[in-house]
Amino acid sequence: MKVVIADPKQGKSYQTEIDENKSKTFYGLKIGNEFDGSLIGLTGYKLKITGGSDKEGFPMRPDVTGTDRRRVLLSCGPGFKKKTKGERRKKAVRGNTFSEEINQVNVSVMTPGAKPITELVTLTPKVEKVAKPEKKGKKKGG
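All residue numbers for the sequence shown refer to my numbering, where the first residue is 203 and numbers rise by one.
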């Protein structure tokens with residue numbers, strides 16, 4: 203399971219992976235719950251769950267109760283980007299409770315510990331974007 207740790211004081215976020223046994227500690231927790239950072243290796247930290255997404259990429263919403271995926275009429279917030287003013291659409295989103303189907307957890311630091319996050323957690327390296335080669339052939343237009 204991926205864990206994205208946001209540090210609002212420094213304005214940075216850190217991504218790390220945890221194993222299956224540690225990810226089971228999140229089962230039953232809801233968005234907005236606070237927990238001790240020692241569950242994911244951040245001793246001395248107090249963390250708050252701010253969101254997540256499932257294995258297929260559907261985001262979690264704090265106002266949808268339960269663990270299952272539902273199609274909900276949305277007008278703003280996670281899982282919806284409106285194109286025109288007043289637009290509403292039915293979108294598939296996950297509930298606010300964690301289960302085995304959740305693949306990513308977003309947490310925010312509430313109270314920092316003595317050591318910085320970079321020393322306590324093994325961070326996953328960032329993937330550099332590779333430039334795509336130009337297409338060959340006739341160009342359309344003037």
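C-beta atoms are modelled at their ideal positions from N, C-alpha and C, and glycine is treated no differently.
Assignment of asparagine 235 by DSSP, reduced to helix, strand and coil, places it in the coil class.
Membership of threonine 320 in the alpha helix (DSSP H) is indicated by the continuous run 319 to 322.
Taking 8 angstroms as the cut-off, the beta carbon of valine 295 is found closer than this to the beta carbon of proline 261. Distance from methionine 203 to asparagine 308 at the Cβ level is roughly 12 angstroms; contact not present, criterion being Cβ atoms closer than 8 angstroms. Residue nearest to proline 280 within the set Tyr229, Lys337, Phe228, Asn298 is Asn298 (criterion: CA-CA distance). Judged by their CB atoms, lysine 232 and methionine 312 are not nearer to each other than the 8 angstroms cut-off. Boundaries of the beta strand (DSSP E) around lysine 292: 291 to 296. If you compare the alpha carbons of Ile319, Thr320, Glu302 with that of threonine 227, the shortest gap goes to Glu302. Non-local beta-carbon contacts of serine 255 in its own chain, meaning distances under 6 angstroms to residues more than five positions away in sequence, involve Pro261, Gln306 in chain order. In the three-state DSSP reduction, threonine 227 falls in the helix class (H, G or I).
The C-beta of tyrosine 216 has 16 or more other C-beta atoms within 10 Å across all chains shown, which makes the residue buried.
Nearest to lysine 292 by C-alpha distance, out of Ser310, Arg272, Lys337, Glu336, is Arg272.
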